[in-house]
Every structure is written in structure tokens, then in C-alpha cells.
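In the order they appear, the protein sequences are chains A, B, C and D. 544 is the number of the first residue of the first sequence in the working numbering; add one for each residue after it. 544 is the number of the first residue of the second sequence in the working numbering; add one for each residue after it. 544 is the number of the first residue of the third sequence in the working numbering; add one for each residue after it. 544 is the number of the first residue of the fourth sequence in the working numbering; add one for each residue after it. Let me begin by presenting the structure, written as C-alpha cells, before commenting on it.
4 protein chains.
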Amino acid sequence: MNNHSPRKKASRSAKSPGAGKRASAAEPNGSGKRERILDAAVRVFAQEGFYNAKVSQIAHVAGVADGTIYLYFKSKDDLLISLFEDRMERVNDNLRAALAAETSACDRLRRVVRLHLELVESNRPMAEVISVELRQSSKFIREYANPKFAEFLRLIAGAIAEGQEAGELRPDLDPQLLARSLFGALDEIALAWLVKGPKHTNDKMDLSHAAKQLGHLFIDGLKARPKE
Amino acid sequence: MNNHSPRKKASRSAKSPGAGKRASAAEPNGSGKRERILDAAVRVFAQEGFYNAKVSQIAHVAGVADGTIYLYFKSKDDLLISLFEDRMERVNDNLRAALAAETSACDRLRRVVRLHLELVESNRPMAEVISVELRQSSKFIREYANPKFAEFLRLIAGAIAEGQEAGELRPDLDPQLLARSLFGALDEIALAWLVKGPKHTNDKMDLSHAAKQLGHLFIDGLKARPKE
Amino acid sequence: MNNHSPRKKASRSAKSPGAGKRASAAEPNGSGKRERILDAAVRVFAQEGFYNAKVSQIAHVAGVADGTIYLYFKSKDDLLISLFEDRMERVNDNLRAALAAETSACDRLRRVVRLHLELVESNRPMAEVISVELRQSSKFIREYANPKFAEFLRLIAGAIAEGQEAGELRPDLDPQLLARSLFGALDEIALAWLVKGPKHTNDKMDLSHAAKQLGHLFIDGLKARPKE
Amino acid sequence: MNNHSPRKKASRSAKSPGAGKRASAAEPNGSGKRERILDAAVRVFAQEGFYNAKVSQIAHVAGVADGTIYLYFKSKDDLLISLFEDRMERVNDNLRAALAAETSACDRLRRVVRLHLELVESNRPMAEVISVELRQSSKFIREYANPKFAEFLRLIAGAIAEGQEAGELRPDLDPQLLARSLFGALDEIALAWLVKGPKHTNDKMDLSHAAKQLGHLFIDGLKARPKE
DNA sequence: CATGAATGAGCATTCATTCAT
DNA sequence: AATGAATGAATGCTCATTCAT
Chain A
544 MNNHSPRKKA SRSAKSPGAG KRASAAEPNG SGKRERILDA AVRVFAQEGF
594 YNAKVSQIAH VAGVADGTIY LYFKSKDDLL ISLFEDRMER VNDNLRAALA
644 AETSACDRLR RVVRLHLELV ESNRPMAEVI SVELRQSSKF IREYANPKFA
694 EFLRLIAGAI AEGQEAGELR PDLDPQLLAR SLFGALDEIA LAWLVKGPKH
744 TNDKMDLSHA AKQLGHLFID GLKARPKE
Chain B
544 MNNHSPRKKA SRSAKSPGAG KRASAAEPNG SGKRERILDA AVRVFAQEGF
594 YNAKVSQIAH VAGVADGTIY LYFKSKDDLL ISLFEDRMER VNDNLRAALA
644 AETSACDRLR RVVRLHLELV ESNRPMAEVI SVELRQSSKF IREYANPKFA
694 EFLRLIAGAI AEGQEAGELR PDLDPQLLAR SLFGALDEIA LAWLVKGPKH
744 TNDKMDLSHA AKQLGHLFID GLKARPKE
Chain C
544 MNNHSPRKKA SRSAKSPGAG KRASAAEPNG SGKRERILDA AVRVFAQEGF
594 YNAKVSQIAH VAGVADGTIY LYFKSKDDLL ISLFEDRMER VNDNLRAALA
644 AETSACDRLR RVVRLHLELV ESNRPMAEVI SVELRQSSKF IREYANPKFA
694 EFLRLIAGAI AEGQEAGELR PDLDPQLLAR SLFGALDEIA LAWLVKGPKH
744 TNDKMDLSHA AKQLGHLFID GLKARPKE
Chain D
544 MNNHSPRKKA SRSAKSPGAG KRASAAEPNG SGKRERILDA AVRVFAQEGF
594 YNAKVSQIAH VAGVADGTIY LYFKSKDDLL ISLFEDRMER VNDNLRAALA
644 AETSACDRLR RVVRLHLELV ESNRPMAEVI SVELRQSSKF IREYANPKFA
694 EFLRLIAGAI AEGQEAGELR PDLDPQLLAR SLFGALDEIA LAWLVKGPKH
744 TNDKMDLSHA AKQLGHLFID GLKARPKE
């Protein structure tokens, strides 16, 4: 997606718009190296953590030479950031589609919860990177330099705001704050599962069960309601 | 000659010079060095992040020699972990007191929220370390090696369970899961504030306001209720 | 797969694509690429210094692909050496012509001085490469691998020897040594000017003035004095 | 001489004036590591050239760990510069003493020549570093950042100026320019000897012979001639 | 107990060179 | 001939940890 022309000081957010660069013939970039590197990076970052991950290991896993990574990314930092942007973009695309597929705000929230936990379950490495490393790098990356995460929150906040306008959700709570809280809760559950989920496949840590409970929690709250 | 086994996670078991530390009151150290080191560590870890923090900087801030740190802590890792345990213990003590001071489950939950956000507001460095570094180091530290955090969650889950037994809270949600979700939400809000709060002192990021909203959210849920 | 024997001084023997180069007039290359590369090399070497100059930058300045340089030169080292030989050949040609144009040994020496300093003034990059990089690479390049510089000295020494035989210059000094000394002095003056000349265009650093003074210095020391 | 207190961001030209820093006891720096590193550096730089010299090799030759070098010098560059300053200081001290020991300007100049060539002969590595590397690094180091070399020239120029004032030397030549020329000639002769001297111990390259000839060359050019 | 100079393994990054196209 | 993406060896520098004093 990010269209790099190696050796040209790979600058993040390059994204040369005019596609097909040279005359017309082959695009030697073809082999999808950038993608292979990103895939390798998720795995290695997830397994080792950003700081303990070695660039050479990523290169090895990606099946390229160490130096090749620097044709596509400015630095190890840039690799992490590019990874976030790339993956979050996918997450956001999925989220948008999911939100559009539902009609009521409540359904949308339940969907968000389910979607996120399914993602975690189906793509552990990616989830670990997003949950752990994203936060680790937060202070200097997140909203500041990570518009994709901001967009993620905005999508959720938007769904909430719509629900409020439609009278479906109570209007006295700040959508931004709610979106954040929802994400925080989801992320924490995800992390717990990531940390000890795969080993103890007990009921309590079952993610789809957690999704249902979180849905209840956010939609209805904790308070016991005599009859509703 | 130099007997290094570097880069290999030293296993925890600090051995403070003054032997049996926490237990009794005696701490025959040289004037509370351990405490000074911990205080320095919070500040430095908060400012630089664990991996970018230099042991020598911590020593400098603490006003001790580099080597002295290793008289109190086995390694940099151990320093971080000890820091968590030490600080979380205080947090848990506060939490216990706060919970005991309230009578209803709802009040307790609101109190938890308020307590946590007040902590964040009043002690930024400590909050940053807990929010950011705790997670960063999560995969290999948290539950596994951080009983104090587990206890934190247990305290909250306990309050919820009590509320459920008393019929005050709905009984169909897992207290553990709820405790986690609550902490996740709190932590996320805290992080957002830590990242950009101090500069933009706008209403929306006001933590006491956030505390109220979070209280509503968890107690009552999002769904609009015609009249209650 | 990649057959590297890197970092090992490639032995000289460029093999320009158009085969037998210098000899005849024919140079069937694609539009004087070799020359363009050499021109780019002087500029880049002068600006960055040999070790800091990047082959890719030279290629860029020359308007050719990185790989193309290796069609004309065996290695970066070879490029530097070829550059010396090429430029020194011109210098020697000029020198020969200048010497032939004068009749007395004294005039010849003055001419040598003037010629060199004029060259420096009119072609800074080339002068920098000769002054700085030539010496830098001296130990393994100069006499040993740089017959063109040896020839340069020989031309001057020859003029001196002739003057001695003709009774115009005192015969007790070694022409080789004198030639070297003259070049050393010239080169040092040139370097001083190169380093801070262009900025401070004050009288003292004026090169034509320096030429006159150097003439006096060397001539009056060399000239045979019938009666003293 | 340069009084470093390791780990404190070794800054060039530190030279803490108050000597004996800590209370009174031992100065653990004692082993003369800084000097050993400088000695190793001269040898290695001389043999390999600055750019080809490896810091680890210098450390090895000095008998210290790689990291130790960075306790005394900020970087490889700083090591080179410190080396110049340190060695040039000695050279200047010798020069001052030599100039003071002579009474006439002519004797002083002859002495300068002899002194320099003797230095070259007796301390090849140091001479190579000064002759070759000094120039190599010229553009950004020499007068600009190398006051010691400027001082060297000033000493010589001073001797010449004195001679001019005393009527011993012709007054129409710029002392600065002459000092430069003298150094240039000396340096060039030295370089020639360094490059092929040790192997071919023929008469022509004999440095003491060269010294005499250079003396004649410069003196007879400089000396004021009452009647000519 | 304390010190801080010394250690040295470890790693991100560069860049000359190659070779498939 | 020309290209330029890919290579991967090579190295300056950092910093947690130790240990002689």
C-alpha cells in the first residue's frame, strides 16, 4: 500500500500517488518485500517486544537481507510506526464495514466488541503488537503521530454520538470518553487473554463469552434492574 | 575476568543490604537509600520509559553511585518489578481503605474510579509507570510475577461480587471480567490524560468529570432509559 | 549467492566499456559517461572527502545509475586513482607547455609557482582533491601507484637541473629535493587558501601575491651568485 | 595532561584546572589509561589511516576494553583531535625551547628544519599522523579547530618577523606566508621519507642531508643582502 | 556498605558492490 | 550498455553490570 521506491530515503507516509512509476514495464519491487517485512515485524515484535526484537531477526524471518529493510523503512522506529499505520488501517476498514452493517447503536457497540475480540483471537501477533507495543510507544506516538488510532476512536465515538442523537443512547455522556473507555476495557481483556489465554482454555477466559458480557456491561450497566 | 552473563533476565529476588526489609520496622541501611532509589526510578522510568532509562541516570537522581543500586536490586528489571510491587502495595492499601469506607457496591465502584483518577492526577510519574511500563512489561511480568496487580483486581472483583450477592448488582456478569474492564477503561482514560492532559486543561479532559461519567457508564450503562 | 569479497582493496585496472580508451580518439561509450563520472567525482570528493563520499552520490551527480560507475571503474578506490591520473595528466601537459614557453630556469620556476596557484584558484574542487585527498591516500598511492605525480616532480626537477647545468642555479642542491620542497610549499599555501581563502579575501591570502613572494623566496635562494 | 573524570561525558578540552578532584585519597585514573590510549591511537592511525583504523584495535593495542576509550574521548573523531592537540603541544614546547636556544634568525630557521626532520625520523608514527591525517582532516580541523597547529605556525612566523626587524632577514616577505611555505616544504620532504624512506636508505633521502639543503634553500632566500 | 572506573557483549545502520533484467 | 534493488559484512558506540578499593 505504501508505495516505496527504495534507496530514496524511505520516508514514512511517502505513498507516491501516481502508482506505476517507471515507464510501463516491470516494477522490480514486485516481490512484495515491504509486506513480507511488515509481516515478519509483527511476529517478531509480538514475540520479543519492540526493544528486544533485532532488526536482523526480522530480516531473517522476512527472508531478506538486513539492509533491505532500510530500503523500505527509515529505521527500526519507523518500521514499528509503519506497522501500526498499516495494520490500524485494516482494522479501521473492518470497523467501518461492521458499523455500516448494523442499524442500531446498541448493535453497533456489540459488534465493535465482538469484532475486536475476534481480531485478537484470530491474529494474536497483531493483537499483541497493538495492545502492548502501541501503548509502550504511546507517549510519543499515539494520537500525536498515530492518526490511525485516533480515527479508530473517532469511528466508535461517531457511532455513539449517532445513537445519542437518535435517542437510543443517553445523551449525557461524552462519546469520546466512552469510546476510550470501551477501547480500554476491550484492550485490557484482550491483554489478559493474550497473556494467559492460550494455555488455560477455560470458560472464563473465553473471548466470545467475554464479548457478550462486555456488551451487557456497556449497554446496560452493572446495576441490578428489578424488571426490564 | 569480568564475569558477565549479560542481557539475560536476572531472576527476581532483591536482597536489600539491611536484610529482612519490609517485615519489621528496622531498616539499618544508610538513610533510606532503597527508597531514594525507588523514587528516582519512578521519575526516570516515567520520563524516559523503561528501555531508554539509564541505570546511571537513576543513580544520579537518587544521589547514589551506580553500583549502589545493585546492592538493593538485582538488576534493572528487578528494579522495575520492585517498583511495581512497592507502589501497587500502597495503591492496594488505599483501595482497601476506600472500599471499607463505603457501604453500597455502587458507591464502592464510584469510589474506585475516583480514587484511581485522583492518583493519576496527583502522581503523574507513578501513574505513567503503572500505565505505560506495566503494560509494556506485561507479557512476562504482570499476573505471572506481579501478585500485587492481581490483588488489585481481586479487591475490585470482590467488591463487585459482594454487590451481586447483596442483590445490588446484576449477578450474570463475571466479577473478574468486570474488574478487568473497569481497570482497562480507567487506565485508558488515564493514559489519554497523561499524554495530552497537562497541556490542554480543557473541560473534556478533566479527570473528575471523567470519573463521574465513568461511574454512570459502569453503573447504569449506555442505553437511554425513558424514566428511571 | 552474492559473491562479495568486500572491503578489500580492488587492484587497479579500470576497464572502460569502450575498450582501449586513452590511446586513439575513439571512445564509443554512450556520450562520455566516463568523463561525467570523473567530473562528478572531483566535485563530490572535494566536498565530502574521499571516505565520506558515497558512490551513489557521485552516480547521482553524474546522472548515471550506481552500477554504471562499475562499468568504468573497478572500485571506489580505482575511481580516485583514475581521477588523479586523469587530472594530473592535464596538469603535467600544462606544466610542460609552460616550461617550454620560458627560456631561463628562474622564469620557469616562477611560472611553475604561478601556474599551480592559478590552477588552485580557478579549479577549487580539483585542487582540493589533489591537495587533500592525494596526501590522504599517499601512503599507498603516491609514488607507488601514481606515476603521474612522480612525473610532475620530475618535470620541475628537470627544469632545475637544466638551470644548474647552465650555471644559472647553484649546483649544490639536489633537484629532486628542491622540486619536492617547492611543491610542498605550494601545496601548503594552496591548502591554506582552500580552507579559508574564499571567505576572507584579504590581501595576505591573495594567491597572485603569494606567487610573487614564493618566487622571490625560491629564486633568490636558488640563483647562483657569482660573487658573494 | 588532559584531566578527565570518566563517565562524565568526556568533553574535549576539559582540563579540570583544580587538579586532585575528590577529597584527597587515591585517583583511580592513575594507570595512565588516557596516555596509553593516545599512544595506541598514534600507532594504529599511523599504520592504518584514520578511516581504516578500528576503535577496537586501538583498544586492544592500548590494553583496555573498547568501552574504556569512550570514558576518555567522546568519539573516534575526538580521539584524533585530542591526539593532535596533545602531540602538537609537545612539538610546540620543543619548538619554543629550540628557538630560545638560538640567537640569530638564520640559526633559528635551520634549527626548525632540523628539529622537524629529527622528529620525523625519531617518531615515525607521530609524524605520519601529523603529516597525513592532519591534512586529511584539514578542511574541518586545522586552523579552525586546531589552535595548536596555528600556534606552531605562529612561532615560526614570529622568529622570521624578529629576524626581519633585526635587519637580518629581508623585510619584503610575509612571515606568515614564509612560515607556511617552510612547513609545507618540510612536511612534503617528511612525507616522501615516510613513504619510501625506511626501505631505501639511500643517501638522497637522508633526512639530515635534506635538513642542510633545506636550510640553504630557505636561508639564502631569506637573508637580507646588503649589496646585490 | 559504598563507590565509580572498567568492562565487553550486543546492535542498528551504512554503503560498496553485484547481477538479474 | 545501463540500471538500481538487493545484499550483508563491517563497526562505532552504549550501557547494564561487576569488583577492587
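Each residue gets a CB set at the ideal place from its N, CA and C atoms; glycine is no exception.
- Taking 9 Å as the cut-off, the beta carbon of HIS759(C) is found closer than this to the beta carbon of LEU716(D).
- For LEU626(C), the three-state secondary structure derived from DSSP is helix.
- GLU676(A) counts as buried, since no fewer than 16 other beta carbons sit within 10 angstroms of its beta carbon.
- By the Cβ test, the segment 632-647 of chain D is not in contact with the segment 589-605 of chain D, since fewer than three Cβ pairs between them sit closer than 8 Å.
- Our two residues, ASP763(D) and ILE673(D), have alpha carbons roughly 28 Å apart in a direct line.
- Only exposed fits GLY606(A), as fewer than 16 other CB atoms lie within 10 angstroms of its CB.
- Using a CB distance below 7 Å, the part of the segment 707-718 of chain C facing chain D consists of LEU716 and ASP717, ordered along the chain.
- When secondary structure is reduced to three states using DSSP, LEU642(D) falls in the helix class.
- Under the three-state reduction of DSSP output, LEU737(C) falls in the helix class.
- Near chain A, meaning a CB-to-CB distance below 8 Å, the residues of the segment 578-608 of chain B are GLY592 and TYR594.
- Residue contact check for SER618(B) against chain A: no CB pair falls below 9 Å.
- Using a CB distance below 8 Å, the part of the segment 718-742 of chain A facing chain B consists of GLN719, LEU720, LEU721, ARG723, SER724, LEU725, PHE726, GLY727, ALA728, LEU729, ASP730, GLU731, ILE732, LEU734, ALA735, LEU737, VAL738 and LYS739, ordered along the chain.
- In the structure shown, LEU712(B) falls within a strand segment according to DSSP collapsed to helix, strand and coil.
- Out of LEU721(A), LEU626(A) and LEU734(A), the CA that lies nearest to the CA of LYS766(B) is found in LEU721(A).
- Assigned with DSSP and collapsed to three states, LYS617(C) falls in coil, not helix or strand.
- Using a Cβ-Cβ cut-off of 9 Å, LEU757(A) counts as an interface residue toward chain B, since at least one Cβ of chain B sits closer than that to its own.
- The C-beta of GLU661(B) comes no closer than 9 Å to any C-beta of chain A.
- With respect to chain A, the C-beta atom of PHE692(B) has no partner C-beta closer than 9 Å.
- Per DSSP, the unbroken alpha helix (DSSP H) holding ASP650(A) starts and ends at 648-665.
- For GLY764(B), the neighbours in chain A by C-beta distance under 9 Å run, in chain order, ARG713, HIS759, LEU760, PHE761, ILE762, ASP763, GLY764, LEU765 and LYS766.
- Listed in chain order, the non-local C-beta contacts of GLU705(A) below 7 Å within the same chain comprise ALA648, local neighbours out to five positions each way being set aside.
- Put simply, the backbone Cα of ALA589(A) is about 23 Å away from that of ARG723(A).
- Beyond the five residues adjoining it in sequence on each side, ASP582(B) comes within less than 6 Å, by CB distance, of no other residue in the same chain.
- Around the beta carbon of GLY575(B), fewer than 16 other beta carbons sit within 10 angstroms, so the residue counts as exposed.
- Cβ-Cβ separation between VAL663(B) and LEU750(B): approximately 7 Å, consistent with a contact (criterion under 8 Å).
- Taking 9 Å as the cut-off between beta carbons, none of the residues of the segment 612-643 of chain A comes near chain B.
- For ALA605(D), the uninterrupted alpha helix (DSSP H) run begins and ends at 598-605, by DSSP.
- Contact of ALA754(B) with chain A by beta-carbon distance below 8 Å is absent, the smallest such distance being about 10 Å.
- The same chain holds no residue with a CB closer than 7 Å to that of ARG678(A) once the five nearest residues on each side in sequence are set aside.
- Boundaries of the alpha helix (DSSP H) around ILE762(B): 750-763.
- Less than 9 Å separates the beta-carbon of LYS691(C) from that of GLU628(C).
- Secondary-structure assignment with DSSP links LYS691(B) through no beta bridge to anything.
- In terms of Cβ geometry, PHE761(B) and PHE726(B) do not form a close pair [threshold 9 Å].
- Judged by DSSP secondary structure, ILE673(A) falls outside any alpha helix (DSSP H); it is assigned neither H nor E.
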